[in-house]
Amino acid sequence: MRLPSGVVTVCAVVLNSGVGLAASPPSQQTQAASPQLPPGVSATLWRVSVPQGSEPTPERVALGEKLFRDKRLSVDNTVACMTCHEPELGFTDGKPLSEGVKQQKVARNSPTVLNALFNATQFWDGRAATLEDQAKLPILNPREMGMPDADTVMKKVRGIPEYVTDFQKVFGREPTFDDLATAIAAFERMQFSGDARFDKFIAGDSKALTASEKNGWALFNGKARCNSCHAGNAVSPLFSDQKFHNIGVAAHKQDFVTLARKGVQVVRAGDEKQIDELALNSEFSELGRFLVTRQENDVGSFKTPTLRNVGITGPYMHDGSLATLWDVMDHYNKGGVANPYLDGGMQRLGLTEPEIDDLVAFLFTLTDSKFDKLNKEQLAKQRARKNTRPERDTAIAMGKKGNLGDIAPNPDLAEKNPADLGFYGSVTPAPVIPAVKQR
Amino acid sequence: MNLRMKLLVVPCAALSFAGGVALATSPDAKAVPQAEPLPKHVLPASKDGNLVLGLCDGETSMEVPGVKDGQKLTRAQAITATAQLMGDWRKKNPNAKWDDVPGPVLAQASPPATKKSPAPAPQPAPGAKPAGSDVRPGGVGAQTGASAVPQQRKADVQTGHTYGAFSERDEQVWADSVQAAVKEGHRVFHDAEALGGTVGVSCDMCHPDAANTHPETYPKYQVQLGRVALLRDMINWCIENPVRGKPLADGDPRMRAMEAYIYAQRKGVKLEYGKH
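Same order as they appear, the protein sequences are chains A and B. Our numbering applies: residue 328 is where the first sequence begins, and numbers increase by one. Our numbering applies: residue 664 is where the second sequence begins, and numbers increase by one.
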């Protein structure tokens, strides 16, 4: 799509207002300010995802970054947001499970902040609606930054003179917990990321991907069925359906059936406070989305993460239990881990070793070019572990054992490439608003 | 069975046996019938070596004075020339059904029908509470009203399992994706270069705003093609003949986008396949 961005605006206006083109002269409609977005980041998604009035301003972003990096927000001055979301590591910590104050392990793998602004919900179980809500919880989580309550946080922040000045300058009042969250969220909203080799390929540069990577893209849309949850197109190029699925990760290291049965009983009997504590501080946190919705068919389900920058944001899954993307492929290839709440879309895939290699190669093309070096290192590191594959079960994947049904249609790529189906389209950058610059 | 019949039957049997063997043994043999080559619009040669343009009816043509064969028209020249061609055709066919050019219609222009979705959770008014004390009674999640998240963001309208639980956000993303395809189709439809044309003619010159493309009448018997055609067959006929480009593959993104655009322009028109 190489139309001038004015046409995008026209379409957007028509879509949003529901009136005909003739009825609304586009030049008189104003759009929410959005920064200049790189290819691979959708202006439409920006509009859908950034609430009106929450557009990041440079002042809020600067204060937000300062807070994001400040260990003084934790109870013993040892942990900042950045501790688990290290910008240099793609805003993750590279550990299977993150560590909070006093070296306490938390129950989750730290998800990347990159493109988190586009998530429909925040946290692995989607318990926060917005980045503002999200920013508060780790500060108050006893295993993360360990502050007892919001009042204590703000007492401490108001005791730091530079923050009193900063908040006064940005918000025109003394520091509040809400304003603190607003600033951190503003900083996080600038952490969008596209501009991957994949985007060059979609924009028409057929040489941007190798033959193996192109084959991986075809498998992604075809035999491997990745796109059934990791859906992506030009309007929503995140490769996530933003839904919650039980793929059996929580079932491979414990008696999940017993745990789930107990958990369901507790939730039926328990009150709000107890259930939230379960989500935080017990083995029941493995029940995932269920502890948020209390709907039994959400037991053990976690959010489909974005695949943007997936190469540099391992280890994988909500508990970081899969070290490499080869492990992830093995997990899906055998149809996940059986449990009564397994998502109905899980089945064996019958992928061969070369196909798995191609898929992994493709996934590494989704990393933003500014992380090229790290991406190469991570690929090399993961490849070196290729022969340590705890999740590999070729017999199940190939249908020689178990009863996980037929594999999905396996198209002859020479005749029909499933990646050609559908309309991905290419991304048009949004108009430039010079005041806000991407860091 | 007389001798004559035997003479006929035996070679036929032998042939069909051979055919069967060929089908059974050759992995390439597919039961896909091969299409005959399409008829071509043969244009009359110009005495002066001028460029001759053809119309999509497969019959009408005209010389463009002052432009030599092999030269490409400018967009302005092409618009003038195609307008004359269309005029000639309408003179020849005064009784042909002809739709006036419709105003631009955009796909998905009307908002999706309002569905009953859960009422949004009550939101605290900004500034209603004293600063820093927004911790509601209850657990940690209760601070953000975790259970209200689906309603707040309309993130999962049915709060059910994966399939069928789609949000307004999803629907907006979908509608915009379709719109993106339509927009790309609009671009290709109006761009002789994108179509791979060699004479500077683009689709919109005969079909402004995709007028008279009638996507709702396909599949139908197309006289120019001498067979039943899909919309994409007709698009390719036009690309090959008036536009003088190479036909696009079924999976070509430009073909798919143009189909999206052409259908979008006829949104709301009754489906009447086979109509002439």
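Glycine is no exception: its CB is placed at the ideal position from the N, C-alpha and C atoms. Fair warning: this is a prediction, and the values are worked out from it, not measured in the lab.
CB contact check: Gln928/B to chain A, cutoff 8 Å: It does not: the Cβ of Gln928/B has no partner Cβ on chain A nearer than 8 Å.
Determine which residues of the segment 876-908 of chain B have a Cβ less than 7 Å from any Cβ of chain A, and write them out in chain order. Listed in sequence order: no entries.
Quick one: Cα of Met897/B to Cα of Met673/A, how far? Whole-angstrom Cα-Cα distance: 41 Å.
Would Cys866/B and Phe852/B be called neighbours here (beta carbons separated by less than 8 Å)? Yes, the pair counts as a contact, with Cβ atoms nearer than the cut-off.
Can you tell me whether DSSP reads Arg470/A as helix, strand or coil? In the displayed model, Arg470/A falls within coil according to three-state DSSP, outside both helix and strand.
Please confirm whether Lys496/A and Glu599/A have their CB atoms less than 8 Å apart. With contacts defined as CB atoms closer than 8 Å, Lys496/A and Glu599/A fail to qualify as a contacting pair.
To the nearest angstrom, how far is the alpha carbon of Glu682/A from that of Thr694/A? The alpha-carbon atoms of Glu682/A and Thr694/A are separated by roughly 20 Å.
Short Cβ contact (8 Å threshold) for Ile631/A with Arg712/A: A quick correction: the sequence has Thr, not Ile, at residue 631/A. Remark: C-beta atoms of Thr631/A and Arg712/A do not approach each other more closely than 8 Å.
Rounding to the nearest angstrom, what Cα-Cα distance links Arg907/B and Gly860/B in this structure? Spanning the two alpha carbons is a distance of roughly 5 Å.
Could you tell me whether the Cβ of Ala794/B comes closer than 8 Å to any Cβ of chain A? Caution applies to Ala794/B, whose pLDDT of 37 falls short of 50 and renders its modelled position unreliable; the value that the coordinates give is listed next. Closer than 8 Å to some Cβ of chain A, the Cβ of Ala794/B qualifies, so yes.
In DSSP terms, what Gln449/A is bridged to: DSSP lists Ala455/A as partners of Gln449/A.
Identity of the residue in Ala857/B, Lys760/B, Ala828/B and Leu718/B nearest Leu911/B by Cα: In terms of Cα proximity to Leu911/B, the closest of Ala857/B, Lys760/B, Ala828/B and Leu718/B is Ala857/B.
I'd like to know if the segment 495-515 of chain A and the segment 460-469 of chain A are in contact, where contact means that at least 3 CB-CB pairs between them fall below 8 Å. Yes, the segment 495-515 of chain A is in contact with the segment 460-469 of chain A.
Quick one: list the residues of chain C neighbouring Val375/A, beta-carbon separation under 9 Å, in chain order. The structure shown has no chain C; the protein chains it does contain are A and B.
I need the straight-line Cα distance from Ala349/A to Glu847/B, nearest angstrom please. Residue confidence is low: Ala349/A scores 36 on pLDDT, short of 50, so the model does not pin down where it sits. Its coordinate-derived value is still stated next. In this model, Ala349/A and Glu847/B are separated by some 21 Å (Cα to Cα).
Helix, strand or coil at Asp695/A according to DSSP, with G and I counted as helix: In the structure shown, Asp695/A adopts extended strand secondary structure according to DSSP, grouped into three states.
Are any of the Cβ atoms in chain B nearer than 8 Å to that of Gly391/A? With 8 Å as the cut-off, Gly391/A does not count as an interface residue toward chain B.
Closest Cβ-Cβ distance between Phe525/A and chain B: below 8 Å? Among the CB atoms of chain B, none fall inside 8 Å of the CB of Phe525/A.
Gly937/B (DSSP reduced to helix, strand or coil): Of the three classes helix, strand and coil, the one that applies to Gly937/B here is coil, per DSSP.
Quick one: what's got a C-beta closer than 8 Å to Pro702/B's C-beta in the same chain, skipping five residues either side? Once the five neighbours on either side are set aside, the close Cβ partners of Pro702/B are Gly721, Gln887, Leu888 and Gly889.
How many whole angstroms separate the CB atoms of Val584/A and Asn666/A, which I take to be in contact at a CB cut-off of 8 Å? Contact between Val584/A and Asn666/A holds: CB atoms are separated by about 7 Å, below the 8 Å threshold.
So who's on the other strand from Val727/B, going by DSSP bridges? Paired residues: Leu714/B.
Sort Ala551/A, Ala577/A, Ala443/A and Ser696/A by Cα distance to Phe514/A and report the nearest one. Distance check between Phe514/A and each of Ala551/A, Ala577/A, Ala443/A and Ser696/A places Ala443/A closest, using alpha-carbon atoms only.
Is it true that the CB of Gly543/A sits closer than 8 Å to the CB of Asp319/A? What is shown of chain A runs 328 to 766, which leaves residue 319/A out entirely.
Does the beta carbon of Arg919/B sit closer than 8 Å to a beta carbon anywhere in chain A? At a cut-off of 8 Å between beta-carbon atoms, Arg919/B makes contact with chain A.
Environment of Leu670/B [buried if 16+ CB atoms lie within 10 Å]: Low per-residue confidence applies at Leu670/B: pLDDT is 49, beneath 50, and the placement is therefore not dependable, though the value from the model is reported in the following sentence. So Leu670/B ends up on the exposed side.
Is Gly914/B close to chain A? Criterion is C-beta to C-beta, closer than 8 Å. Taking CB atoms only, Gly914/B has a neighbour in chain A less than 8 Å away.
State yes or no: is the beta carbon of Tyr924/B nearer than 8 Å to at least one beta carbon in chain A? No - not a single Cβ of chain A is within 8 Å of the one on Tyr924/B.
Quick check on DSSP: helix, strand or coil for Ser628/A? Strand at Ser628/A.
Anything in the segment 560-571 of chain A with a Cβ closer than 9 Å to a Cβ of chain B? List those residues in chain order, please. Identification of residues in the segment 560-571 of chain A having a C-beta nearer than 9 Å to some C-beta of chain B yields Asn560, Ala561, Val562, Ser563, Asp568, Gln569, Lys570 and Phe571, given in sequence order.
Any C-beta of chain B under 8 Å from that of Thr509/A: With 8 Å as the cut-off, Thr509/A does not count as an interface residue toward chain B.
Following the continuous beta strand (DSSP E) through Gln885/B, name the residue where it begins and the one where it ends. Counting along the chain, the beta strand (DSSP E) containing Gln885/B begins and ends at Lys883 to Gln885.
Compute the distance between the beta-carbons of Gly638/A and Gln705/A, then report whether it is under 8 Å. Yes.
Counting contacts by CB-CB distance shorter than 8 Å, is Asp403/A in contact with chain B? False, the Cβ-Cβ gap to chain B never drops below 8 Å.
Between the segment 843-854 of chain B and chain A, which residues of the former have CB atoms less than 8 Å from a CB of the latter, in chain order? Using a CB distance below 8 Å, the part of the segment 843-854 of chain B facing chain A consists of Ala843, Ala844, Lys846, Glu847, His849 and Arg850, ordered along the chain.
Can you have a look at Ile902/B and say buried or exposed, based on whether 16 or more other CB atoms are within 10 angstroms of its CB? The residue in question, Ile902/B, is buried, as its Cβ has 16 or more Cβ neighbours within 10 Å.
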